[in-house]
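Note sheet for the following structure.
Residue numbers (the working numbering), protein chains in the order written: chain A, 1 to 96; chain B, 97 to 665.
Below is the structure:
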């Protein structure tokens with residue numbers, strides 16, 4: 001996970017059926033490399049919103065990937081975050 | 097009783113079924129026509145449709161229904177609706193929905209679904225419509241209650257029309273269609289949302305770049321048509337003396353004989369058009385997406401040029417061509433602002449060079465004076481009509497011949513399946529166009545290969561007695577495949593000849609409309625003229641030789657400068 005090419009994206013999305021399919025479908029059909037997904041409802045949002053953490057391996061196409069993701073109707077925001085200390089680092093032991 | 101969204105006390109409750117509510121919401125959206133095919137899983141919707149003011153156009157195949165709605169949407173600029181049942185009804189719609197996605201057409205596909213308690217059981221005519229439509233729509237829903245329709249239907253129109261337009265799909269299980277709901281008031285119809293904001297200094301920078309360029313070119317595309325900005329574009333080009341190349345989707349935005357028009361670029365563009373792009377030092381892309389049929393080999397597209405890109409879809413910016421300046425905005429708003437800011441100028445040296453290329457490397461339309469040659473047929477049809485007619489095409493050689501040779505004079509004059517390249521588009525799209533533009537004659541240029549792919553819709557056209565003329569440039573082959581096999585596969589003609597010929601004039605008669613076969617006519621030009629000019633639907637068979645090719649041609653994946661020419665060139 002130390003690779004320079006890996007980016008971490010923090011998505012806020014609507015929490016209803018089909019949202020995961022919309023996000024993962026986009027990545028599949030545009031052949032974006034998705035290395036990890038973590039998703040749960042956002043605490044205190046009355047289960048209206050979910051937080052989705054995506055680990056992507058798309059150095060050259062990252063801007064393009066973010067813009068395509070932002071176009072999804074159920075995606076409220078997309079932010080790029082530091083990998084250090086992220087949920088993926090903290091849970092590495094579960095994927096050993 | 098009132099439909100108003102204003103909440104008045106003691107408002108009486110109105111009882112709707114999900115289907116009645118759907119129809120009511122469509123009426124409130126201003127929908128006048130819906131194309132479709134009924135079936136088991138959308139019976140309640142069709143039950144609710146009777147008595148509505150919406151005119152239903154019964155297609156003979158759901159793909160036909162989808163393209164009829166597309167024709168209506170492309171011609172009107174409004175979102176248009178098609179209906180299909182579950183299972184095969186939905187799968188048959190898929191091609192028309194995918195086509196709408198590629199060409200940014202606001203199409204609303206509403207499908208029936210098996211009842212929710214049967215979903216996941218492999219019920220009769222059950223298919224995962226949500227999953228099928230997901231990758232080919234801007235957004236899609238499966239509606240889980242009648243109440244959800246109140247949000248989903250206006251949203252469907254809003255999303256289809258906003259920003260870069262595109263299709264949406266709404267899948268409605270049969271139990272939701274039958275569920276009853278009591279409502280005090282109905283939601284406001286969905287409308288196109290606000291365009292993205294942009295900063296005026298970006299427009300100033302664009303104008304600065306244009307001013308400083310020595311050899312600038314405009315590249316104009318379908319986005320200008322969707323933004324209804326053709327007149328702003330003409331003004332912009334004229335004030336800044338900018339020659340303009342057009343994409344397939346942009347043809348007609350500049351009248352064909354406008355001095356600044358350089359016609360279509362790319363795979364079948366005129367030699368001078370592609371050569372001008374070799375020399376230019378600035379390309380201003382307006383409402384274009386740099387499709388591979390336009391750019392050829394991307395790394396060699398406009399090798400000398402800097403790119404300025406204006407598009408409403410953020411994800412198109414820098415997707416294919418890296419721009420030195422980009423404006424994410426409605427291209428019409430950008431042009432309007434630019435026209436208010438610009439200082440007119442002329443560029444005699446560059447214009448002279450462009451004219452020189454035009455003279456030295458012209459588009460040669462071989463056989464344009466002969467009726468039974470492709471360009472001759474297209475020119476003959478155009479000469480018998482004025483620019484009030486609308487044109488559709490199918491996909492293949494005839495489509496490219498029309499794009500090269502038909503004298504388009506207004507935005508929206510022609511519609512064609514650009515991105516997806518769907519054979520079978522032409523006839524149902526012409527039906528849709530004729531339904532929303534009853535005052536216009538619609539000419540559908542087709543080939544025998546394409547025409548056979550949705551030929552069943554002849555019955556639909558006859559039923560509505562629409563003023564549609566279908567001209568089949570009939571070479572008894574899949575012509576564009578034959579052409580590629582001839583040029584790139586060592587003339588190994590594999591599976592491109594139709595061994596069984598079809599009598600299209602007779603087929604037309606059998607389907608309830610006039611059919612004319614010019615191959616047996618004593619005075620073919622006269623017969624063509626009378627067939628075109630009299631009102632009503634008609635199929636005109638016009639035989640051409642299978643060895644005819646579309647030239648010039650850039651090999652798929654090749655650079656646009658490497659054009660293959662015909663023997664006559």
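Every residue, glycine too, gets a C-beta built ideally from N, C-alpha and C.
Span separating the alpha-carbon of residue i from that of residue j
| i | j | result |
| --- | --- | --- |
| residue 2 of chain A | residue 269 of chain B | Here the model assigns residue 2 of chain A a pLDDT of 49, short of 50, so the residue's position is not dependable and the matter cannot be decided. |
| residue 10 of chain A | residue 78 of chain A | 6 Å |
| residue 599 of chain B | residue 460 of chain B | 32 Å |
| residue 346 of chain B | residue 361 of chain B | 10 Å |
| residue 544 of chain B | residue 240 of chain B | 44 Å |
| residue 266 of chain B | residue 230 of chain B | 11 Å |
| residue 561 of chain B | residue 259 of chain B | 36 Å |
| residue 628 of chain B | residue 478 of chain B | 10 Å |
| residue 651 of chain B | residue 587 of chain B | 15 Å |
| residue 500 of chain B | residue 648 of chain B | 10 Å |
| residue 166 of chain B | residue 409 of chain B | 21 Å |
| residue 493 of chain B | residue 381 of chain B | 26 Å |
| residue 344 of chain B | residue 508 of chain B | 12 Å |
| residue 323 of chain B | residue 430 of chain B | 10 Å |
| residue 308 of chain B | residue 292 of chain B | 28 Å |
| residue 354 of chain B | residue 193 of chain B | 35 Å |
| residue 613 of chain B | residue 574 of chain B | 20 Å |
| residue 107 of chain B | residue 163 of chain B | 41 Å |
| residue 21 of chain A | residue 129 of chain B | 32 Å |
| residue 464 of chain B | residue 532 of chain B | 33 Å |
Chain B contact residues for residue i, given Cβ-Cβ distances below 8 Å
| i | result |
| --- | --- |
| residue 64 of chain A | 411, 414 and 415 |
Proximity test, Cβ basis, 9 Å: residue i and chain B
| i | result |
| --- | --- |
| residue 21 of chain A | yes |
| residue 36 of chain A | no |
| residue 44 of chain A | no |
| residue 68 of chain A | yes |
| residue 1 of chain A | The predicted model places residue 1 of chain A with a pLDDT of 49, which falls under 50 and marks its position as unreliable, so this point remains unresolved. |
| residue 87 of chain A | no |
Cross-chain neighbours of residue i in chain A, by beta carbon under 7 Å
| i | result |
| --- | --- |
| residue 231 of chain B | 25 and 29 |
| residue 255 of chain B | 73 |
| residue 235 of chain B | 73 |
| residue 226 of chain B | 18 |
Cβ-based neighbour list, residue i, same chain, cut-off 6 Å, excluding 5 preceding and 5 following
| i | result |
| --- | --- |
| residue 14 of chain A | 74 |
| residue 35 of chain A | 55 and 57 |
| residue 298 of chain B | 423 |
| residue 389 of chain B | 362 and 363 |
| residue 70 of chain A | 78 |
Cβ shell of residue i (< 7 Å), same chain only, five flanking positions each side left out
| i | result |
| --- | --- |
| residue 123 of chain B | 148, 149 and 150 |
| residue 578 of chain B | 589, 592 and 642 |
| residue 188 of chain B | 157, 158, 159 and 180 |
| residue 211 of chain B | 269, 270 and 271 |
| residue 223 of chain B | 182, 183, 186 and 187 |
| residue 41 of chain B | One cannot answer for residue 41 of chain B here, as it falls past the ends of chain B, which runs 97 to 665. |
Beta carbon proximity, residue i to chain A, threshold 9 Å
| i | result |
| --- | --- |
| residue 288 of chain B | no |
| residue 126 of chain B | no |
| residue 385 of chain B | no |
| residue 657 of chain B | no |
| residue 240 of chain B | yes |
Within chain B, the residues that residue i reaches when beta carbons sit closer than 7 Å
| i | result |
| --- | --- |
| residue 10 of chain A | Residues of chain B passing the Cβ test: none, with the nearest at roughly 19 Å. |
Close-in-space but distant-in-sequence residues of the same chain around residue i (CB under 8 Å, 5 per side omitted)
| i | result |
| --- | --- |
| residue 341 of chain B | 313, 314, 315, 316, 358, 359, 360, 361, 365, 369, 372 and 373 |
| residue 558 of chain B | 607, 608, 609 and 633 |
| residue 185 of chain B | 133, 135, 137, 138, 158, 207, 208 and 221 |
| residue 457 of chain B | 366, 367, 368 and 371 |
Any chance you could list the beta strand (DSSP E) runs of at least 3 consecutive residues sitting entirely within the region 605-648 of chain B, in chain order? 610-613 and 634-639
Enumerated in chain order, which unbroken segments of the alpha helix (DSSP H) with a length of 4 residues or greater are wholly contained in the region 106-131 of chain B? 114-124
Only counting runs of 4 or more residues, tell me where the alpha helix (DSSP H) segments fall wholly within the region 350-416 of chain B, in order along the chain. 367-375 and 388-391
To test your reading of the DSSP string, which unbroken beta strand (DSSP E) runs of 3 or more residues are found completely within the region 203-281 of chain B? 203-209, 235-238, 264-269 and 276-279
Please go through the region 548-604 of chain B and give each complete beta strand (DSSP E) segment of 3 or more residues, from N-terminal end onward. 564-570
Alpha helix (DSSP H) runs contained entirely in the region 429-509 of chain B, provided each spans 4 or more residues: 444-456, 470-480 and 493-501
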